[in-house]
Every structure is written in C-alpha cells, then in structure tokens.
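S.K.: Shown below is the structure under consideration.
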Amino acid sequence: MKAKRRVVTAGTSAPTPRRTPTVRKLKSAFVPVASRPRASGPAVAAAAPEEADARSTSVDLTVDLGRGLVLPNPILVASGTFGYGIEYGDVVDVDRLGGICCKGTTLRPRIGNPTPRVTETPGGMLNSIGLQNPGVDAVVEKYAGTWAGWRVPVIVNVAGESVGDYVEVVKRLDGVPGIAGIELNISCPNVGRGGLQFAIDADAAAGVTAAVRRATDLPLLVKLSPNVADVRPIARAIADAGADALTAVNTLSGIAVGPGRDRPLLGNIYGGLSGPAIKPVALRIVYEVCQVVRIPVVAIGGVTELADVLDFLAVGAVAVQVGTAIFADPTLPVRLVDELAATCRDRGLAGYRPLIGTALPNKAAAPSSKGVEYRP
Ligand SMILES: Cc1cc2nc3c(=O)[nH]c(=O)nc-3n(C[C@H](O)[C@H](O)[C@H](O)COP(=O)(O)O)c2cc1C
Numbered sequence: 001m002k003a004k005r006r007v008v009t010a011g012t013s014a015p016t017p018r019r020t021p022t023v024r025k026l027k028s029a030f031v032p033v034a035s036r037p038r039a040s041g042p043a044v045a046a047a048a049p050e051e052a053d054a055r056s057t058s059v060d061l062t063v064d065l066g067r068g069l070v071l072p073n074p075i076l077v078a079s080g081t082f083g084y085g086i087e088y089g090d091v092v093d094v095d096r097l098g099g100i101c102c103k104g105t106t107l108r109p110r111i112g113n114p115t116p117r118v119t120e121t122p123g124g125m126l127n128s129i130g131l132q133n134p135g136v137d138a139v140v141e142k143y144a145g146t147w148a149g150w151r152v153p154v155i156v157n158v159a160g161e162s163v164g165d166y167v168e169v170v171k172r173l174d175g176v177p178g179i180a181g182i183e184l185n186i187s188c189p190n191v192g193r194g195g196l197q198f199a200i201d202a203d204a205a206a207g208v209t210a211a212v213r214r215a216t217d218l219p220l221l222v223k224l225s226p227n228v229a230d231v232r233p234i235a236r237a238i239a240d241a242g243a244d245a246l247t248a249v250n251t252l253s254g255i256a257v258g259p260g261r262d263r264p265l266l267g268n269i270y271g272g273l274s275g276p277a278i279k280p281v282a283l284r285i286v287y288e289v290c291q292v293v294r295i296p297v298v299a300i301g302g303v304t305e306l307a308d309v310l311d312f313l314a315v316g317a318v319a320v321q322v323g324t325a326i327f328a329d330p331t332l333p334v335r336l337v338d339e340l341a342a343t344c345r346d347r348g349l350a351g352y353r354p355l356i357g358t359a360l361p362n363k364a365a366a367p368s369s370k371g372v373e374y375r376p
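Heads up: the sequence shown begins at 1 in the working numbering, then just goes up one per residue.
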C-alpha cells in the first residue's frame, strides 16, 4: 500500500483541509544548495561532482514554480527524452539537475505506436512514440522509491484520453514519496469529445486542469501545445483553472515521406517535431504567454547551448527543459547549470533572476485576433 503524504501548512498541528493552499516541504526546495548532504543517488562516472557543485553553487539558481516546488536550478530534462532518470545514472549526476520530467504516464500500460517511430529532420527529429509506458502503478512501484532517495525533484508527466483518466492517474501519484509534482501532457486526443486534443481548446484545457487541481495538492504544471493559432487564451484559461506553472512547448505536428514516396514514413503517419528547428516557435510562444499569465513559465524547444537558455530567460521563462539534445549529449543539461552560474558570476550577478524578461516589452502587447504578429 502506498504511504500517504499529507501536506501541512507550516506551524499548524491540526489536520489541514485538503483544498487549503499549502506549504510543501520538499527536500530539494529548502536545503541551501551548498550545504545539502549528498543523497545516496545513482553511481556517476563523471569526475569530481563535488567540484562541479562548487562551481555552480555560489550563484543563487533556485527557482520557485509554486505550491512549494522550489527547484535547485532552472535546468530540467524534458519528458520522453530522459526516461525515468534511472537509465542515465551511470553517465550523469542526476542530482545536479534542476528537475526531471519523466516519460508520459498513463492509467494503463501502453505499447506505443507502430514502427517506424522516429526519423531525423533538418535541425531536429520527428517522433511518434505513442506514449509507450508501463502504466501508473508500475511507474510508482518501479521508480518512486529510487526518486525518493534523490534530491532532484521528479515531476511525473501525465497523459490520458479523458478527464477521468488524468484524474485517476494523478490520484494514484498523490502522496507518493519521491513525486515532487505533475506535468500534464494535454496534447492528447480527448476520446469523449471526438478526439479533439485538450491542448488546442481553451475550455477542454481548463476543464482537465481544474479536475486535476481538485484531485491533488501536488504542484501542477500544464504543458502547452504549439499547434494552435493563438496560445494566449488557452494559457490564461489553464492559469485560471489552477495550474501552478506552464511548460511550453510540446512538439509541433509534422510528417515525413517514406523512402519509396508511396506513403508517409512514420507508422503513425503523424509525428512530433522537436530540436533546434522548433526553437523560434517556442520562443515566440513563451514570449506571448509570459505577457498574459502571472504564473511561472518553463520553456522547452530546441535548447542545445547556453545561448538558448539565455534567450528563453530573456523572453520571460523562469526555467528551461532540455529535450532532443540529450540524445546527442546526455551530459549537456548539467553542463548548462555550470555555464549559467559562470555567466552570472562573469556579469557580477548573485543570481540569475535579472536575466529573466529582459526582451519583453515594457507594456504587454494588445491581444491579437490573428494570434501571430507576422506580416509576410
Ligand atoms: C522521443 C520523444 C518523446 C517525447 N515524449 C513526451 C511525452 O511522453 N510527454 C510529453 O509531454 N512530451 C514528450 N516529448 C516532448 C518533449 O518533452 C519536448 O516538449 C519537445 O521535444 C521539445 O523540446 P526539444 O526540442 O528540446 O526536444 C517527447 C519528445 C521526444 C523527442
């Protein structure tokens, strides 16, 4: 039976009503980075991780995503590109990451889409994995115990085909030690509404967010899709429905043609485009969203070097996730942590917050009826 972790408001001895805003004491959130004990984490091949820690910890890189989820630094790994974290334990000191978003987790196991499922594209890749995963109960059983021993917060990416699916998955994750938060992948077809994706409709996106909000006190991140004309009303609806933070963006819908040109290449026909090719789109969406919501925005899309991180911070993101680039270099995210700290030191900054929002307009842009302020 899973151990229930009840959240209590600091300084209160009476049981806390379930819907009261809470202070969640996460290990990683409140222990100063420099003084943290090293957890009995995974074995690491990289040389002298303590030295690396010292390089990056004189600068305050902590970031508050709301509801007590305070990350040690703003560099996370994106869902679907870092497994459950455990797979990378031999090559990466996962405890030096700002956070891990694990592979999309569904109520029941899924075998995923027919092959081929991935193909390279100029500046990126297309994937149609189809949410292959062992199901929420197996994820909890196999991985949560290990996560609980790590200081890096693990955020479980949750997917479903109905509001009921999402709620049930989240209920099974609620209170499980080792699970620091939920990231809702709403780029999934809502079977109850003719397969319309939750993420492309403000009402559907808000509906699933509100239902999940009612089901858990865990910090709740909701992941935006770039496959919409104007993301701003959707972002606002999700924020109003109770999300603690937004993550932006998921993959762009695309296809590739097979070698004989007689059919599309991917077994699922459609795939999701990721990698450097999507960075300008992700930047534009983060720029737009940061001007219309007050909750933190975590950027994702094509990060391969520090300049990308700095660009996303400049348009208002408080943190970034690294995805596709991990396949080429799994050590990149940890290196970015050190490089961000170094650039702050070089600029005489005690923390990285002054880098956030520097490229945003002083006055929020008027909402666009077209969605994209592009004139050919
Ligand atoms: C192979 C692969 C699997 C992915 N699986 C998921 C997933 O399960 N859930 C999710 O929300 N996003 C998933 N994504 C999307 C990424 O988390 C990320 O949003 C996207 O790849 C853009 O970031 P990038 O350009 O840095 O890769 C996946 C991406 C890739 C490449």
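Here a beta-carbon is modelled for each residue, glycine too, at the ideal position from N, C-alpha and C.
1. Kindly indicate if chain C contains any beta-carbon less than 8 Å away from that of SER187.
2. Since TYR270 is in the beta strand (DSSP E), which residue starts that stretch and which ends it?
3. Which of the three DSSP states, helix, strand or coil, is assigned to LEU224?
4. Evaluate the contact criterion for the region 292 to 301 versus the region 144 to 163: three or more CB pairs, one atom per stretch, below 8 Å.
5. Roughly how many angstroms separate the alpha carbons of LEU224 and ILE186, rounded to a whole number?
6. If we count Cβ pairs, one from each stretch, closer than 8 Å, do we get three or more for the region 94 to 110 versus the region 73 to 82?
7. With DSSP as the reference, please indicate the residues paired to GLY254 in a beta bridge.
8. In the DSSP assignment, find the alpha helix (DSSP H) that holds VAL337 and state where it starts and stops.
9. On a CA-only basis, which of ALA237, ALA319, GLY207 and ASP338 is nearest ARG353? Give me that one, please.
10. Given a threshold of 16 other Cβ atoms within 10 Å of its Cβ, counted over all protein chains shown, does SER35 qualify as buried or as exposed?
11. Have a look at VAL158, GLY195 and VAL154 and flag the residue whose alpha-carbon is nearest the alpha-carbon of LEU69.
12. When you measure from the CB of SER274 to every non-hydrogen atom of ligand 1, does any distance come out below 7 Å?
13. Might you give, ordered along the chain, the residues of its own chain that have their beta carbon closer than 6 Å to the beta carbon of ARG38, omitting 5 neighbours on each side?
14. Within the chosen definition, does the region 161 to 176 reach the region 133 to 142 through at least 3 CB pairs nearer than 8 Å?
15. Assuming ILE179 and VAL156 are in contact, meaning their beta carbons sit under 8 Å apart, how far apart are those beta carbons, in whole angstroms?
16. So does the region 80 to 87 actually touch the region 223 to 242, counting three or more Cβ pairs closer than 8 Å?
17. Let me check understanding here. Comparing Cα to Cα, which of GLY104, LEU265, ARG151 and ASP244 lies closest to THR216?
18. Ligand 1 and SER162: does the residue's C-beta get closer than 7 Å to at least one heavy atom of that ligand?
19. Is any heavy atom in ligand 1 found nearer than 7 Å to the beta carbon of LEU404?
20. Buried or exposed, going by whether 16 or more other CB atoms sit within 10 Å of the CB of PHE198?
21. Going by Cα to Cα distance, which pick from SER79, GLY351, THR331 and PRO361 is closest to ASP95?
22. Whole angstroms are fine: how far does the CA of GLY260 sit from the CA of LEU26?
23. Shorter than 7 Å, the distance from the beta carbon of ALA211 to the closest heavy atom of ligand 3, or not?
24. Can you find at least 3 beta carbon pairs, one from the region 198 to 213 and one from the region 254 to 272, that sit closer than 8 Å?
25. Would you say the region 275 to 290 touches the region 117 to 124, given that touching needs at least three Cβ pairs under 8 Å?
26. For ALA204, count neighbouring C-beta atoms within 10 Å of its own C-beta (all shown protein chains included) and say buried if the count is 16 or more, exposed if not.
27. In the DSSP output, what is CYS101 paired with across the bridge?
28. Quick check on ALA328: buried or exposed, where buried means 16 or more other Cβ atoms within 10 Å of its Cβ?
29. DSSP three-state label for ALA239, please.
30. Within the continuous beta strand (DSSP E) that includes ALA248, where are the two ends?
31. Under the criterion of a Cβ to heavy atom distance below 7 Å, does THR343 qualify as lining ligand 1?
32. My guess is that THR105 and ASN133 are in contact by the Cβ rule of under 8 Å, so how many angstroms apart are they, rounded?
33. Beta carbon of GLY323, beta carbon of ALA78: below 8 Å?
34. If you draw a straight line from the alpha carbon of ALA48 to that of LEU336, how long is it in whole angstroms?
35. Does VAL191 pass the burial test, meaning 16 or more other C-beta atoms within 10 Å, or should it be called exposed?
36. Have a look at ILE356, GLU168 and PRO226 and flag the residue whose alpha-carbon is nearest the alpha-carbon of PRO280.
M.R.: Working from what's here:
1. Although the question refers to chain C, the structure presented lacks it and comprises just one protein chain.
2. As a first step, residue 270 must be located in the sequence shown, where it is residue number 270. TYR270 -> beta strand (DSSP E) spans 270 to 274.
3. Residue mapping note: residue 224 aligns to position 224 of the sequence shown, counting from 1. LEU224 falls in the strand class under three-state DSSP.
4. no
5. Position 224 of the sequence shown, counted from the start, is the residue given in the question as residue 224. Position 186 of the sequence shown, counted from the start, is the residue given in the question as residue 186. Those two C-alpha atoms are separated by around 7 Å.
6. Touching, per the Cβ criterion.
7. Numbered from 1 along the sequence shown, position 254 holds the residue referred to as residue 254. DSSP output for GLY254 lists GLY271 as bridge partner(s).
8. Mapped onto the sequence shown, residue 337 falls at position 337. From DSSP, the alpha helix (DSSP H) with VAL337 extends over 332 to 346.
9. Against the sequence shown, residue 353 aligns to sequence position 353. ARG353 has its Cα closest to that of ALA319, out of ALA237, ALA319, GLY207 and ASP338.
10. As a working note, residue 35 is residue 35 in the sequence shown. Note that SER35 scores a pLDDT of 34, beneath 50, so its modelled location is shaky; the value from the coordinates is reported in the next line. With a 10 Å radius around the Cβ and a threshold of 16 neighbouring Cβ atoms, SER35 comes out exposed.
11. Translated into the one-based positions of the sequence shown, residue 69 becomes position 69. Minimum Cα distance to LEU69 is reached at VAL154.
12. Mapped onto the sequence shown, residue 274 falls at position 274. Under cutoff, so the answer is yes.
13. Along the sequence shown, read from residue 1 onward, the residue named residue 38 stands at position 38. In this prediction, ARG38 has a pLDDT of 35, which is less than 50 and means its spatial position is unreliable; what the coordinates show is noted afterwards. No residues qualify anywhere along the chain.
14. Flag = yes, the region 161 to 176 and the region 133 to 142 touch.
15. The residue you call residue 179 lines up with position 179 of the sequence shown. The residue you call residue 156 lines up with position 156 of the sequence shown. That belief holds up - the Cβ atoms of ILE179 and VAL156 are roughly 6 Å apart, short of 8 Å.
16. no
17. What you label residue 216 is simply residue 216 of the sequence shown in a count that begins at 1. The residue with the shortest Cα to Cα distance from THR216 is ASP244.
18. Position 162 of the sequence shown, counted from the first residue, corresponds to residue 162. Answer for SER162: no, Cβ out of range of ligand 1.
19. Not covered by the structure: residue 404. The range shown for the chain is 1 to 376.
20. If you number the sequence shown from 1, residue 198 lands on position 198. The residue in question, PHE198, is buried, as its Cβ has 16 or more Cβ neighbours within 10 Å.
21. One-based indexing of the sequence shown puts residue 95 at position 95. Among SER79, GLY351, THR331 and PRO361, the Cα nearest to that of ASP95 is on THR331.
22. Taking the sequence shown and counting its residues from 1, one reaches residue 26 at position 26. Taking the sequence shown and counting its residues from 1, one reaches residue 260 at position 260. The predicted model places LEU26 with a pLDDT of 35, which falls under 50 and marks its position as unreliable, so this point remains unresolved.
23. As for ligand 3, it is missing from this structure, which binds only ligand 1.
24. no
25. yes
26. Mapped onto the sequence shown, residue 204 falls at position 204. Buried is the call here.
27. Residue numbering aside, residue 101 sits at position 101 when the sequence shown is read from its first letter. Looking at the DSSP assignment, CYS101 forms a beta bridge with ILE155.
28. Taking the first residue of the sequence shown as position 1, residue 328 is located at position 328. The residue in question, ALA328, is exposed, as its Cβ has fewer than 16 Cβ neighbours within 10 Å.
29. Position 239 of the sequence shown, counted from the first residue, corresponds to residue 239. Note: ALA239 maps to helix in three-state DSSP.
30. By one-based count along the sequence shown, residue 248 stands at place 248. Element bounds for ALA248: 245 to 248.
31. The residue labelled residue 343 in the question sits at position 343 within the sequence shown. Relative to ligand 1, the beta carbon of THR343 is positioned no closer than 7 Å to any heavy atom.
32. Working through the sequence shown from its first residue, we reach residue 105 at position 105. Working through the sequence shown from its first residue, we reach residue 133 at position 133. Contact flag correct, Cβ pair sits at about 5 Å.
33. As a working note, residue 323 is residue 323 in the sequence shown. As a working note, residue 78 is residue 78 in the sequence shown. Yes, the pair counts as a contact, with Cβ atoms nearer than the cut-off.
34. Position 48 of the sequence shown holds residue 48. Position 336 of the sequence shown holds residue 336. Only weak support is given to the placement of ALA48: the predicted model assigns it a pLDDT of 46, under 50, and the value that follows is read from those uncertain coordinates. Using only the alpha carbons, I get a separation of about 17 Å.
35. As a working note, residue 191 is residue 191 in the sequence shown. That one is exposed.
36. Locating residue 280 in the sequence shown gives position 280, where the first residue counts as 1. It is PRO226.
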